Structure formats: C-alpha cells, structure tokens
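Q: Input: one structure, supplied below.
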Amino acid sequence: LLVRVCPQAACYVNSDTAWVRIRITNANDAPVVHDTLFVIPENLPLNAVAGILPVYDEDAGQNHTFAFVSGDLSGGFGIHSNGSVYVTHPEALNFERRNMFSGTVQITDNGTPPLSATATLNIVLTDVNDPPVILPLPVQVAWEGNLFAPFWPEPYVTDEDNSFEELTLKVSGGTYITASLAGDMIQLQSGNLQWQGTDSVLVTVTDPGNISASVWLRGKVVVTGSDHIDGDMPSISVYPNPSHGNITFLVTGISEEQSLHLRLMNQTGKVVMEKVLYSAGVTGSYPLNMTGLVPGLYLSEILFGGRLVRIKIVII
C-alpha cells in the first residue's frame, strides 16, 4: 500500500511517499452447516447409513467432531466424524410407533480456538410392509372317533400393518389329519375314525403385500383308555355363576401338565375371548377376568385332556 504524506495547505508542493506492507494472518473460521432432512425406510439394520450431513469449512484440512446436543436423534442414530449418520437402535426405526426423529447437531472444528456451528437434523421414516408373525400354536387333542374342536388362530397372529381380517388364511398338508377353513376358524379332521396318533398341518397367513408366515398346527388323536391320560377323567366347574365378571375355572382329575384351551362366545355365536392356560398337578384353578364384557349369557368351550366341555356363564 503506497502512503503519501503532505501538509494540509500545500500537499502538492511539499510531500513524501512510502510503501506500507499489511500482512493478513490466518484466523480460524467456524464451520458452516445447514438444516438437513433425511428420508429413509423403516427397519434399517444396525450400522446402516441414513445420510451424510454436509459441512463446509474455509480452513482446509481441519478435523471436526459431531454431537447430538438436543432432541431424540440419539434414540435411534449415531454420527461419525465425517458427518455420516448411522443406525444404532434398529428396533426404534418402526414407522407404526414413530415416523420422525429430530434434534440439533453441533459441529466443532479443531482450530485455535475451536469454533462450532449447529443445525437442525430431521429424519423421517417411510412405511415398509412388515411380515405377519405367527406364534407357536397349541396342540389340538381329540378322543379317537370324536371331532376336533374348531380352532381360532387370530390370537396367535400379529401384523403391524394389517388387521387379521385383511390377512389371507390357508391350511395345507397333513397325512392322517387334514384341515379346512370355516371363516377364520380351522377345523381339523381325521379321515379314519379308528386312527390314533399325531399329525400336523401347515397354517399360512399372507398379507396384502403378498408376504407370508407359516407355522405347523399339530393334531393328536388319543385312544380312549390309553396311557395318555392316567387316573379318572378330568372334570371342570366354574364359580361364581352368575358372576359380576370375575370367575374361576376349577379343573380336577389332571395327573399331568396339560393345556386348557378356553373359547368364550356370546349369544350370536361370536367369539369374544380365547385363551390358552396351563396347569401342573392334580388340581388347576384358573381365574378369569370378564368385567369388560356386556352383561348377558355366554357359552364357554373348554378343551382339556382331549375332552371338549361346554359351560354356560351368566354375567350380571
């Protein structure tokens, strides 16, 4: 820079000039980051990359650290030193439970002094068709020459995207025991009334997106008087009946651990409750809370020890 010095009244008569050098030293500049939106599908696996947060810094060669300083981003994600946002909790990426994560990200450089910047990061989940899930099904038991009780599979099926009515139910297979559908009930049957033993059929549910899940349903035909049941024939009673809603099923004569399959229907025949209970020992006491049901007459079907018992229950 050339500087000229002269008197105020005679600048062009008496003056002098000199060069002045100005040196600009480097100073640390803060990184620059902008608010960002990531849109990703639900159910991404562990360590999957959701996106990279773009950062600009005039000071080339500096390293940066990233941190979530507010919001709920850390409930599903972490962030690497290069700005890459990755999945840390895959179970949290469930569209049906929550579809958005949001928070503030702080970026700090390693200059002198260290400087930082913040931005808002939003991560939006999109819906993906989740497969249906079938829990293990209880063994169905019938005495030789008798029919199996109809089986209701709905309590064992879950689908995060669809109701049970939106799923397609199919049964197949079986050599000695076959199965048919009556609405959403499964009816097992043996073609030979003298046959006894165990056989299985395959139960498959398919959602509207054509994703399926399958599980085997076992049926067991027991010969009357065989060693399968020791001692006297089991019996069942219910008290109090009528009841205000809380009842107890008392099963006696059970000499080995067996399942008790309870189905409760209203006067129109609609199934309003289905439970599978278990007992160990000679006597089983099963309390049942029915206080949420409308007062009226109900028919209970209880399958235990290969025997189907029907008891009328009155709720007052």
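The numbering of the sequence shown is my numbering, which starts it at 63 and goes up by one.
Glycine residues also receive a C-beta, built at the ideal position from the N, C-alpha and C atoms.
Predicted, not measured: the structure shown is a model, and the values here were computed from it.
1) Please go through the same chain and pick out, in chain order, the residues whose beta-carbon is closer than 7 Å to the beta-carbon of Glu363, but skip the five residues on each side of it.
2) Just confirm the distance between the C-beta atoms of Leu63 and Ile86, as a whole number of angstroms; I'd bet it's less than 8 Å.
3) Report yes if the C-beta distance between Asp121 and Phe163 is below 8 Å; otherwise report no.
4) Give the straight-line distance between the Cα atoms of Asp119 and Glu228, rounded to the nearest whole angstrom.
5) Look up Met327 in the DSSP assignment and give the residues it is bridged to.
6) Would a C-beta distance cut-off of 8 Å place Ala241 and Val263 closer than the cut-off?
7) Look up Phe226 in the DSSP assignment and say whether it is helix, strand or coil.
8) Using a 10 Å radius around the Cβ and a threshold of 16 neighbouring Cβ atoms, would you call Ile309 buried or exposed?
9) Please classify Pro152: does DSSP put it in a helix, a strand, or coil?
10) Does DSSP put Tyr238 in a helix, in a strand, or in coil?
11) Check whether the segment 88–108 touches the segment 184–196, counting contact only when three or more Cβ pairs, one atom from each stretch, lie closer than 8 Å.
12) Here's the rule I'm using: 16 or more other beta-carbon atoms within 10 Å means buried, otherwise exposed. How should Ile378 be labelled?
13) Only counting the same chain, and skipping five residues up and downstream in sequence, which positions put a Cβ closer than 7 Å to that of Gly138?
A: With the given structure in hand:
1) Once the five neighbours on either side are set aside, the close Cβ partners of Glu363 are Ala211, Arg325, Leu370, Arg372.
2) Contact between Leu63 and Ile86 does not hold, since their C-beta atoms are separated by about 12 Å, which reaches or exceeds 8 Å.
3) Result no, Cβ atoms of Asp121 and Phe163 do not sit closer than 8 Å.
4) Their backbone Cα atoms lie some 53 Å apart in a straight line.
5) Met327 pairs with Val333, Leu361.
6) The answer is yes: Cβ separation under 8 Å.
7) In the structure shown, Phe226 sits in a helix (DSSP, three-state: H, G or I).
8) By the 10 Å Cβ count, Ile309 comes out buried.
9) In the structure shown, Pro152 sits in a helix (DSSP, three-state: H, G or I).
10) Tyr238 carries a coil assignment under DSSP once its states are collapsed to helix, strand and coil.
11) Yes: at least three Cβ pairs fall under 8 Å.
12) Ile378 comes out exposed.
13) These residues qualify, in order along the chain: Val149, Thr150, His151, Ala154, Leu155, Phe163.
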